[in-house]
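Visitor:
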Amino acid sequence: ELERVIGKDAQVLVNTWSIERDPALWENRNDFCPKIFLGKSINVKGNDFEFLPFGAGRRMCPGYSHGLKVIQSSLANLLHRFTWKLPGNMSNNLSMEEVFKLANRKNFHLKLWLS
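Note that the sequence shown covers residues 5 to 119 in the numbering used here.
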């Protein structure tokens with residue numbers, strides 16, 4: 005039936021501009037509000053086309069997962085090859101207390117001494 009409407013071998017372009025401004029999908033489409041994604045059961049790698057403007061969905065970058073693995077292994081190799089020590093005469097009893105914000109971080113900053 006799709007061939008009848010569109011035609012065989014026709015090129016179809018998805019208008020992501022209209023998807024990201026569709027009031028049926030996005031309530032406040034002109035505001036930056038990350039909270040709209042909380043509590044939704046949308047799979048980024050699935051068939052949910054409202055994420056298409058963000059480079060997600062079935063047609064997302066084919067190198068996405070490979071790029072993540074390369075970054076993770078590169079970081080792991082860098083961290084493994086460094087000698088880690090606490091600066092000066094700081095005690096080995098290091099506080100791992102976190103500060104709760106948008107992204108959790110440690111309450112105390114750590115310094116990396118390369119050797």
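Ideal Cβ placement from N, Cα and C applies to all residues, glycine included.
#1: In terms of residue numbering, what span does the alpha helix (DSSP H) encompassing S99 cover?
#2: Helix, strand or coil for R8, going by three-state DSSP, please let me know.
#3: Output yes or no for whether 7 angstroms exceeds the beta carbon distance between N108 and E102.
#4: Distance check for E31 and I10, CA to CA, integer angstroms please.
#5: Just the Cα atoms here: how many angstroms apart are L17 and H84?
#6: Can you give the Cα-Cα distance for K89 and N97, rounded to whole angstroms?
#7: In whole angstroms, give me the CA-to-CA distance for F86 and L29.
Guide: Reading from the atomic positions:
#1: Unbroken run through S99: none, as it is neither H nor E.
#2: R8: helix per DSSP, three-state reduction.
#3: yes
#4: Those two C-alpha atoms are separated by around 31 angstroms.
#5: 46 angstroms
#6: 12 angstroms
#7: Rounded to the nearest angstrom, the gap between the Cα atoms of F86 and L29 is 47 angstroms.
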